[in-house]
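Participant: Below you'll find the structure I mean.
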Ligand code: F6R
């Protein structure tokens, strides 16, 4: 298969506004980092819209290479908005999608044909004959010919003008998994294990994810005249850094974009986190030092030198490129002491404050310490995040005499196996039989379970009744777990926020009702401390939505008297801990508290042994939690601070509205 060379386009096209990009000595692909994913999507959509308009004026077609997945959804939303509000026509647009699972029926929930129709094509005036998506229904025998035709069709249409890409955690573009060659063309490919794990959520279990896909090749992609590779969220940060700053290699297909003259990465802040410009900005050039950056640099230096902070010398600073810091802020000795004291002051064995302790000036971990006991409200996005992510602190708060409430924001019902639901229904049926309970009503439900659950197909959405049953299973588990921690049952609030209740992985947007329910709970409890899951940089997902709901509700009550004495602490979701320089409060746990926390997590039986959405970490939640808390403790120890069994970290939210 021959590929055309990237033709220099007319000067008219060159005059279209470009997305500004920057690049430093470490970066081999230009990058543009946006504060918000929505701004990034709007910039890409606007570039596409401009080219479409120019092509219309010229009476030519505009050929777009399109991707699916969570990343480009914002671009498609914005294109639909421009189509509707600014009369952008798609009549002259020809599209080629990157890939499709194989085999795949176009009507299936997970089909990329369906995805494209739902997110873009059904909402714009594109003629259906101009849409091209690899066909997941053709026989294996015909796949090779189909793929060759796909390449020819792209070529016959003059090649792709703008190609949109996402990046998988394997570094794939399209479904070009590690090992794909630079010259590869459209073909059938076997999906990597990591890719299948990541897709498990969409397919209700990894076992249902197809093993193969048809994908455009790396060569096909590189033939596009302009490429935007988009990545949002911290889970993309390390692979983005590898693709942008690492060597060109078939291990990371996206690194081949380093050889493209007109490719750029479009990132939000989280996805750009591991680039040297953010990870170690002092290595890129002179920076304006502040308290936060100094703390970050000193911890980085101590870890790099494998020394406790107080043992770092001027030579260490100089050797690792931190001479600038010494020049601006004094000798190593002074900087070490300052940073050491700062970190030491974050360690709080009394997370709610000691009864008779007075607030220390400048001590950020003990605001309003004269209030004792405190009313504490812990928001848990799913029914198990409270104990997994801050179980030790929860236990301490109860033990230390505070009034602890837990609000479970969502039912978490989609993460329960059908088997478990059947088991509980069997119990219910036996119970009803044993006690002769309302046989008429009970048998109707039993019949439904029998016909629905026992014959459910992989990926089929649960009926409303089954959703309720699964939600109740999780509710019971949450109750058992918090009972272990000593929280009275009257202090548990099962909110079942409406945005979550779709029965599918895709949720509704956050609505007024969601916020109102949280405002009402806040006004009822009037907490002195709020704890919320602070996955600040994850642009998708339930945790992020739940956090936005809490913060938006807090904005609505911020003038209330009680709120003036309220502090908001963010714990990290189930997967990661805060970076050590970010932690404002470090709650140490004793070995006994670690055990209690483990037992509380065990109560979430439907998540034990095997989770429906395991993510990319095969360990059970209690193992991840313990490992993460022990790692933080070891890290504090290695920096020369006190040595604890485990530590849970929290960041204080001080009104940064950019997270809303
Ligand atoms: C989708 C595709 C994939 C995705 C990548 C990222 O058509 O080809 O390469 O772009 O897996 O997926 P998300 O955006 O869901 O993280």
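Residue numbers (our numbering): 367 to 1026.
Virtual Cβ for every residue (Gly too), placed ideally from N, Cα, C.
Keep in mind the model is a prediction, meaning the values are calculated, not measured.
Could you check the C-alpha separation between residue 641 and residue 606 for me, to the nearest Å?
Facilitator: On the chain shown, residue 641 is found 275 positions in, with the first residue counted as 1. On the chain shown, residue 606 is found 240 positions in, with the first residue counted as 1. About 8 Å.
Participant: Expressed to the nearest angstrom, what Euclidean distance is found between the alpha-carbon atoms of residue 375 and residue 534?
Facilitator: Mapped onto the chain shown, residue 375 falls at position 9. Mapped onto the chain shown, residue 534 falls at position 168. With a pLDDT of only 48 at residue 375, under 50, the local geometry of the prediction cannot be trusted, and the value read off the model is given with reservation. About 30 Å.
Participant: So, using beta-carbon positions, are residue 896 and residue 667 closer together than 8 Å?
Facilitator: Translated into the one-based positions of the chain shown, residue 896 becomes position 530. Translated into the one-based positions of the chain shown, residue 667 becomes position 301. The answer is no: Cβ separation not under 8 Å.
Participant: I need the DSSP call for residue 997, collapsed to helix, strand or coil.
Facilitator: As a working mapping, residue 997 is identified with position 631 in the chain shown. Residue state, collapsed to three classes: helix.
Participant: Per DSSP, residue 581 is paired with what?
Facilitator: Here residue 581 is taken as the residue at index 215 of the chain shown, counted from 1. Answer is 465 and 553.
Participant: Do residue 840 and residue 782 have their beta-carbon atoms positioned less than 8 Å apart in this structure?
Facilitator: Here residue 782 refers to the residue found at position 416 when the chain shown is read from its first residue. Here residue 840 refers to the residue found at position 474 when the chain shown is read from its first residue. Yes, the pair counts as a contact, with Cβ atoms nearer than the cut-off.
Participant: Quick check: the Cα distance between residue 714 and residue 760, rounded to an integer number of angstroms?
Facilitator: Within the chain shown, the letter at position 348 stands for residue 714. Within the chain shown, the letter at position 394 stands for residue 760. Computed Cα separation, rounded: 13 Å.
Participant: Please determine whether the Cβ atom of residue 1037 lies at a distance below 7 Å from any heavy atom of the ligand F6R.
Facilitator: The structure shown does not extend to residue 1037, since the chain is modelled only from 367 to 1026, so the question has no answer here.
Participant: DSSP beta-bridge partners for residue 715?
Facilitator: As a position in the chain shown, residue 715 is number 349, starting the count at 1. The partner list for residue 715 (beta bridge, DSSP) is empty, contrary to what the question assumes.
Participant: Looking at chain D, is there any beta carbon in it that lies within less than 8 Å of the beta carbon of residue 812?
Facilitator: In the structure shown, chain D cannot be found, because there is only a single protein chain.
Participant: Just verifying my parser: in three-state terms, what is the DSSP assignment at residue 499?
Facilitator: Your numbering for residue 499 matches position 133 in the chain shown. Three-state DSSP puts residue 499 in coil, outside helix and strand.
Participant: At what residues does the alpha helix (DSSP H) containing residue 646 begin and finish?
Facilitator: As a working note, residue 646 is residue 280 in the chain shown. Per DSSP, residue 646 belongs to no alpha helix (DSSP H) and is neither H nor E.
Participant: Under the three-state reduction of DSSP, which class applies to residue 737: helix, strand or coil?
Facilitator: Numbered from its first residue, the chain shown carries residue 737 at position 371. Of the three classes helix, strand and coil, the one that applies to residue 737 here is coil, per DSSP.
Participant: Alpha carbon to alpha carbon, what distance is there between residue 379 and residue 420?
Facilitator: Residue 420 sits at position 54 when you count from the first residue of the chain shown. Residue 379 sits at position 13 when you count from the first residue of the chain shown. Those two C-alpha atoms are separated by around 7 Å.
Participant: Using CA atoms only, rank isn't needed, just tell me which of 916, 483 and 543 is closest to residue 561.
Facilitator: In the chain shown, residue 561 corresponds to position 195, counting from 1. For the residues 916, 483 and 543, the minimum Cα distance to residue 561 belongs to 543.
Participant: Mark residue 878 as exposed unless 16 or more other C-beta atoms lie within 10 angstroms of its C-beta, in which case mark it buried.
Facilitator: Walking along the chain shown from the start, residue 878 turns up at place 512. Residue 878 should be labelled exposed.
Participant: Which residues bound the beta strand (DSSP E) around residue 951?
Facilitator: The residue labelled residue 951 in the question sits at position 585 within the chain shown. From DSSP, the beta strand (DSSP E) with residue 951 extends over 951–955.
Participant: On a CA-only basis, which of 818, 797 and 756 is nearest residue 785? Give me that one, please.
Facilitator: Numbered from 1 along the chain shown, position 419 holds the residue referred to as residue 785. Considering only alpha carbons, the answer is 818.
Participant: Would you please state the rounded distance, in angstroms, between the beta carbons of residue 441 and residue 411? I believe it to be under 8 Å.
Facilitator: Along the chain shown, one-based indexing puts residue 441 at 75. Along the chain shown, one-based indexing puts residue 411 at 45. Right, their Cβ atoms sit about 5 Å apart.
Participant: Is it the case that the CB of residue 434 approaches a heavy atom of the ligand F6R more closely than 7 Å?
Facilitator: Within the chain shown, the letter at position 68 stands for residue 434. Correct: residue 434 has its Cβ closer than 7 Å to the ligand F6R.
Participant: For the beta strand (DSSP E) that contains residue 632, what are its first and last residues?
Facilitator: The residue you call residue 632 lines up with position 266 of the chain shown. Element bounds for residue 632: 629–634.
Participant: Three Cβ pairs or more, each shorter than 8 Å: is that satisfied between the region 916–928 and the region 872–891?
Facilitator: In short, these stretches touch, since the Cβ pair count reaches three.
Participant: Does the beta-carbon of residue 398 have 16 or more other beta-carbons within 10 angstroms, so that it is buried, or is it exposed?
Facilitator: Your numbering for residue 398 matches position 32 in the chain shown. Counting Cβ neighbours within 10 Å, residue 398 comes out buried, since at least 16 surround it.
Participant: Sorted by chain position, which residues of the same chain lie with C-beta nearer than 7 Å to residue 686's C-beta, five sequence neighbours on each side aside?
Facilitator: If you number the chain shown from 1, residue 686 lands on position 320. The residues are 667 and 670.
Participant: Less than 6 Å between C-beta atoms, sequence neighbours within five positions excluded: which residues of the same chain meet that for residue 863?
Facilitator: As a working note, residue 863 is residue 497 in the chain shown. Closer than 6 Å at the Cβ level, and outside the excluded window around residue 863, lie 775, 776 and 880.
Participant: What are the uninterrupted segments assigned as beta strand (DSSP E) that are 3 or more residues long and contained completely in the region 851–882, given in chain order?
Facilitator: Whole beta strand (DSSP E) segments, 3+ residues: 858–860.
Participant: Which residues in the same chain have their Cβ closer than 7 Å to the Cβ of residue 971, if we skip the five residues on either side of it in sequence?
Facilitator: Taking the chain shown and counting its residues from 1, one reaches residue 971 at position 605. Excluding positions up to five away in sequence, the list reads 843.
Participant: CB-CB under 8 Å to residue 695, same chain, minus the five flanking residues each way: which ones, in chain order?
Facilitator: Mapped onto the chain shown, residue 695 falls at position 329. Cβ within range, chain order: 655, 660 and 701.
Participant: Looking at the unbroken alpha helix (DSSP H) that takes in residue 920, where does it start and where does it end?
Facilitator: As a working note, residue 920 is residue 554 in the chain shown. Looking at the DSSP string, the run of the alpha helix (DSSP H) that includes residue 920 is 907–923.
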